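In the working numbering, the protein residues as written are 8 to 425. Accompanying notes for the structure given below.
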């Protein structure tokens, strides 16, 4: 789900709280007003603990019940903003227990479980909410994403069309609907294949033996990447092999792109007939993105994401680091903070340097401190920390910061040139 959508939903839901009545002058034991103040100050756990105790004493008091539900919503929203989806879902589930018919908690649980790829739960929660709010545009949007990602594309498009009728100026829905139509137009007549972890669609002109060989290599990649990063996704991973023209139409990726992972591994290799070492590297690279996205819930700077992917790709095929060597000699290395966002706007040469520089820093991190430190950084990012906090936490015993890590790496490059 794009950040803009997530932020918009958070804003919308945060200003639509469960209505609460004012407190009476003689408040029950436990001082719920003080608990509410704790929650307003961001001391959620303390405030909720007080309200929980008070509610146990006065289970029929509706004002206490509403305040507890509002507390769960506020705390869950904070966790959701930090992309701590597992923890947020657990909190929203408590609110759902208090108000089983409140669609807001159903929607919030649907958002969390969608991000966690628990699609069955997400679909159930969102469909329950839809029965109560059939014209909720944001609900239709998110439910459509769940359906689309579980290969119920026609149903997803119907929901997005309904949402667009209700909100004609909604740019998010316009974008996702247009993209879905492009993909479906290209993929409607594509052949299909399956393996233990992957669902493959491929152009009818693609050799079937080649397509199945791609699946075999992806299974190998899943074993190797999963063993190194300690994570094996439970949801099946969709893969599509296109002609170059169809790949460009579906992804709008730059000409230098050799593959994209956007929830589907998309590959522009429809003209090939065998899995070459460079293609093998792309498959390992793209699968690494699957694991990194799941571990971090999308909260990963691009240089780290691409650097990890290049680590696995270059174990299969490792061309010379020409752009990196040239930049190091001319003092032209890029700023990693500028490589946290995106590479798609870069030209071929600059993109080559961005990938090589990202690989080189991650390679230094792994060879100097070990894969377990990389795993610790990814885990911290998945818990909602920023990259500076995540690196400081993972490398705390070395008193090393983000800036310090980059400095060490640059010094290692200088030593290597002497």
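Backbone N, C-alpha and C define an ideal beta-carbon position, used for all residues, glycine too. Being a predicted model, the structure only gives us computed values, none of them experimental.
Quiz item: How about residue 356 and residue 383: are their beta carbons less than 9 Å apart?
Solution: no
Quiz item: Can you tell me whether residue 153 is buried or exposed, with buried defined as 16 or more other CB within 10 angstroms of its CB?
Solution: buried
Quiz item: Is it true that the segment 199-213 meets the segment 172-180, where meeting means three or more beta-carbon pairs spaced less than 8 Å apart?
Solution: no
Practice problem: Spatial neighbours of residue 413 within its chain, please: CB distance less than 6 Å, with the 5 preceding and 5 following residues excluded, ordered by chain position. | Solution: 343
Practice problem: Starting from residue 385, trace the alpha helix (DSSP H) both ways and give me its first and last residue. | Solution: 378-389
Quiz prompt | Beta-ladder partner(s) of residue 199, from DSSP | solution = 208
Self-check item: Nearest to residue 63 (by Cα), restricted to the options 298, 51 and 105
Solution: 105
Self-check item: Rounded straight-line distance, which links the Cα of residue 55 to that of residue 98
Solution: 11 Å
Quiz item: Does any residue of chain C bring its CB to less than 9 Å from the CB of residue 357?
Solution: In the structure shown, chain C does not exist; there is a single protein chain.
Practice problem: Would you mind sorting residue 276 into buried or exposed? The rule is 16 or more other CB atoms within 10 Å of its CB. | Solution: buried
Exercise. For my contact list, residue 71 and residue 65 are in at a C-beta cut-off of 8 Å; report their separation, rounded to the angstrom.
Key: 6 Å
Quiz prompt | Buried/exposed call for residue 312, threshold 16 Cβ in 10 Å | solution = buried
Quiz item: Under the rule that 16 or more other beta-carbon atoms within 10 Å means buried, what is residue 379, buried or exposed?
Solution: exposed
Practice problem: Could you please give me the residues that DSSP links to residue 274 through a beta bridge? | Solution: 248
Quiz item: Using DSSP with H/G/I as helix, E/B as strand and the rest coil, what is residue 65?
Solution: coil
Practice problem: Label residue 354 either buried or exposed according to how many other C-beta atoms from any shown protein chain fall within 10 Å of its C-beta, with 16 as the threshold for buried. | Solution: exposed
Quiz item: Do the CB positions of residue 162 and residue 151 come within less than 9 Å of each other?
Solution: yes
Practice problem: Tell me whether residue 306 is buried or exposed, calling it buried when 16 or more other Cβ atoms sit within 10 Å of its Cβ. | Solution: buried
Practice problem: Taking residue 323 and residue 261 to be in contact with their CB atoms under 8 Å, please state how far apart those CB atoms are, rounded to whole angstroms. | Solution: About 23 Å; that fails the 8 Å criterion.
Quiz item: Do you know how far the Cα of residue 402 is from the Cα of residue 409?
Solution: 9 Å
Quiz item: Nearest CA to the CA of residue 124: which residue from 372, 392 and 301?
Solution: 301
Practice problem: Starting from the Cα of residue 318, find the closest Cα among 332, 126, 192 and 294 and give me that residue. | Solution: 294
Quiz item: DSSP state of residue 144, grouped into three classes?
Solution: helix
Quiz item: Can you tell me where the alpha helix (DSSP H) with residue 343 in it begins and where it stops?
Solution: Premise fails: residue 343 is in no alpha helix (DSSP H) and is neither H nor E.
Quiz item: Which whole-angstrom value is the C-beta distance of residue 350 and residue 392, which I expect to be below 8 Å?
Solution: With a Cβ gap of about 23 Å, residue 350 and residue 392 do not count as contacting.
Quiz item: For residue 213, does the three-state DSSP call read helix, strand or coil?
Solution: coil
Quiz item: By how many angstroms is the C-alpha of residue 346 removed from the C-alpha of residue 361?
Solution: 7 Å
Self-check item: Buried versus exposed, by CB contacts within 10 Å (16 or more), residue 132
Solution: buried
Quiz item: Which of helix, strand or coil does DSSP assign to residue 299?
Solution: helix
Quiz item: To the nearest angstrom, how far is it from the Cα of residue 369 to the Cα of residue 388?
Solution: 16 Å
Quiz item: Since residue 290 and residue 248 are thought to touch, with beta carbons under 8 Å apart, how far apart are those beta carbons, to the nearest angstrom?
Solution: That belief does not hold up - the Cβ atoms of residue 290 and residue 248 are roughly 11 Å apart, past 8 Å.
Quiz item: Can you tell me where the alpha helix (DSSP H) with residue 119 in it begins and where it stops?
Solution: 110-122
Quiz item: Taking just the CA atoms, how far does residue 303 sit from residue 386?
Solution: 7 Å
Quiz item: So is residue 57 buried or exposed if we call it buried at 16+ other beta carbons inside 10 Å?
Solution: buried
Self-check item: Close beta carbons around residue 109, own chain, < 8 Å, minus the five adjacent residues each side
Solution: 25, 76, 102 and 103
Self-check item: Identified DSSP bridge partners for residue 268
Solution: 272
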